[in-house]
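Chains as they are written, first to last, in the working numbering: chain L, 1 to 445; chain R, 1 to 313. See below for the structure under consideration.
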């Protein structure tokens, strides 16, 4: 036991001391948060001012559309030719046919495809005007229409959960995030295990080592040591992200509340009153307070402790399962280029798990999700989704089956890998085939 | 000290060792010889408990060897190396601790060795900054640092220049004088003659030769003598008659040295008695075959060395 501790410590400390570890630890959360910020920022950015010319053949829209900061509307009563459009400063041309009230159709011609938000803005503006026109033609009072118009909200309840609203999809998304973390971790650190084994073999240090310790100890020491490197990095990432996230959030909050106040002003109170009267059946607008409440509800409903505990379980067992296979591959080959043929059967189930987990977000109760959350090679990723939605707790038998199978499989995998490993590390200059690996299993050693 | 009893080891269809038994006497240097692929490395790996035999056993001091005995052994494999990115001192400490040494004790002994071999300045260097010879010296130190009772050296001189090879040679003999049993596997027959008291020769998974070097050389001596005399070699050859066969002769400064092989159970006395009247005998000495010749004769020039792919030796 003392020896295996020494090995774990060496594997851990030599990696943690590397400058690359420190760089990755600092850069990881920065990249993550930076990446998210960039996506959000780019999503908010428009592709410059949009000059939209409306060919208003129905004579309904002229001067009735509200321009925004980035979208300006111009009006033409009749067709303009393509060449004129091309030469004009207009970016988009909207053709409104005379029968728009019947066919509800417009045609949009563009030079550069307008972004989705621009498209939505244009269609929303036109919709409003057309709707108003229809109300007028049909002699309907707009206020009456607002009362009649129904935006149906579907609230889902799981009958087994005492009539609480369920947010399965949001929770499944959280579960998927956990599963994705497991996937990334297994891949990153599993490959590190493989590299480490290959390094010892290429250095020829391995035969010196196995004259002091058992090959199995050497392999397990490496796997556990690298797992500790990963966990350390993880904890540091979480700590850093929390710090950075708090700073970022407080910054963002200041900005949002300031702009919200500016826009809403005194209207807020009246709006709220109106909503109270309508008892929730409000119009288009989502109440931001309600959204926040939903988020809190979800957080409240998630069994955080159980999720974190099970996350750690699937995380470690999945890693142990795959990293021992990676170790076996590393021991069997002489050079990295030879790893391909053995890597594929390892990476395929791992990728498959991720794909299934993705579908599980939309359909957590499907048969594919069930099976792949039981099969040990995919269960660490897929089961996380079921755990987050609470589905796994409703079927405890399945959860325990999955966990038991995973433990059994990783025990078998380490045994299996150990047998390949102890032969492989001492084998040089031989092109290893699957058949050969099979033989190694039965060598006495 | 060490007794290997009837070891059989099979890798798939390949029989690596077939009923191998050898005895290594304590406090001596024992040479393990054999052509490539004969099974030497497999045998060493079984002794060092890296692999297990299919049958047979290894006895250490009359007791079956156990896993705890690995700390009594120091093993320098032929395929050896160190972590390139690790510092010399740190690495030596790590390997020493894996052999069960305490950190302080290991540090103390390492400092002694480093001082003795003038390697003090290497302590904080990475192994990749050392030359191959320097790394080999570090490797040798890590092999013997825990004061093993049984030292197993596989081609210990490879990678050393003559000066350092001498250093290692002296060290091996010093350790032997301190009571360490040394098992030496090498293809360098010169160092076998120089260092080994006993040898075993393995060929095609079997021990084909076993015993003390003296005894083995005697066994392979084919009654050839170098006779130095004054006189005509023709007269000498005539006088030999049926007692011996003149293999060749060299004339130098009026003296002649002839190599004679005895024939038909004749004795050296008979040869001398027959030739004394014809020439003036100056000296006679037995020509004992060198280990090189013995190796070639024992293994046979025509046996193809079948090296199973993947097994390095």
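All C-beta atoms in this analysis are idealised placements derived from N, C-alpha and C, irrespective of residue type, glycine included.
- Inter-residue distance for residue 135 of chain L and residue 145 of chain L is about 8 Å (C-alpha atoms, whole angstroms).
- Taking the beta carbon of residue 203 of chain L as reference, the chain R residues within 8 Å of it are 81, 82, 83, 84, listed in sequence order.
- With contact defined as three or more Cβ pairs closer than 8 Å, the segment 399-412 of chain L and the segment 196-213 of chain L are not in contact.
- Exclusion of the five residues before and after residue 19 of chain R leaves 6, 7, 8, 56, 206 as the residues of its chain whose Cβ lies within less than 8 Å of its Cβ.
- When C-beta atoms of the segment 176-196 of chain R are compared with those of the segment 95-106 of chain R, fewer than three pairs fall below 8 Å, so the two segments do not count as touching.
- With a threshold of 8 Å between beta carbons, residue 10 of chain L makes contact with chain R.
- Interface criterion not met: the Cβ of residue 268 of chain R is under 8 Å from no Cβ in chain L.
- Using a C-beta cut-off of 8 Å, the segment 10-18 of chain R makes no contact with the segment 359-379 of chain L, since fewer than three inter-stretch Cβ pairs fall below that distance.
- What residue 6 of chain L touches in chain R, judged by beta-carbon distance under 8 Å, is 94, 97, 98, going in chain order.
- Under the DSSP assignment, residue 97 of chain R falls in the alpha helix (DSSP H) whose first and last residues are 88-98.
- With respect to chain L, the C-beta atom of residue 50 of chain R has a partner C-beta closer than 8 Å.
- Under DSSP, residue 51 of chain L forms a beta bridge with L/72.
- In the three-state DSSP reduction, residue 217 of chain L falls in the helix class (H, G or I).
- From the listed residues R/35, R/186, R/52, R/28, the smallest Cα separation to residue 198 of chain R is found for R/28.
- The beta-carbon of residue 35 of chain R is placed no less than 8 Å from the nearest beta-carbon of chain L.
- By the C-beta density criterion, residue 364 of chain L is buried, having at least 16 other C-beta atoms within 10 angstroms.
- At a cut-off of 8 Å between C-beta atoms, residue 70 of chain R counts as an interface residue with respect to chain L.
- Nearest C-alpha to residue 341 of chain L among L/93, L/4, L/210, L/431: L/431.
- In the three-state reduction of the DSSP assignment, residue 19 of chain R falls in the strand class.
- Residue burial annotation: residue 253 of chain R is exposed, with fewer than 16 other C-beta atoms found within 10 angstroms of its C-beta.
- In this structure, DSSP gives residue 88 of chain L a state outside helix and strand, which the three-state scheme calls coil.
- Setting aside the 5 residues that flank it on each side, residue 233 of chain L is surrounded in the same chain by 25, each with a C-beta closer than 6 Å to its C-beta; the list follows chain order.
- Annotated as distal: residue 100 of chain R and residue 124 of chain R, with beta-carbon spacing of 8 Å or more.
- Under the three-state reduction of DSSP output, residue 239 of chain R falls in the helix class.
- From the beta-carbon of residue 54 of chain R, the residues of chain L found nearer than 8 Å are 444.
- The shortest CA-to-CA distance from residue 157 of chain R to any of R/139, R/174, R/149, R/145 is the one to R/139.
- Using a CB distance cut-off of 8 Å, residue 378 of chain L does not count as an interface residue toward chain R.
- Nearest Cα to residue 187 of chain R within the set R/132, R/294, R/148, R/66: R/294.
- Residue 224 of chain R is bridged by DSSP to R/261.
- In this structure, the straight-line span from the alpha carbon of residue 321 of chain L to that of residue 78 of chain R is close to 33 Å.
- Looking only at L/359, L/325, L/336, L/362, the smallest Cα-Cα distance to residue 347 of chain L is reached by L/325.
- Chain L has no Cβ within less than 8 Å of the Cβ of residue 225 of chain R.
- At a cut-off of 8 Å between beta carbons, residue 77 of chain R contacts chain L.
- Assigned with DSSP and collapsed to three states, residue 150 of chain R falls in strand.
- By alpha-carbon distance to residue 190 of chain L, the top candidate from L/391, L/32, L/327, L/424 is L/327.
- Closest by C-alpha distance to residue 227 of chain R, out of R/297, R/220, R/271, is R/271.
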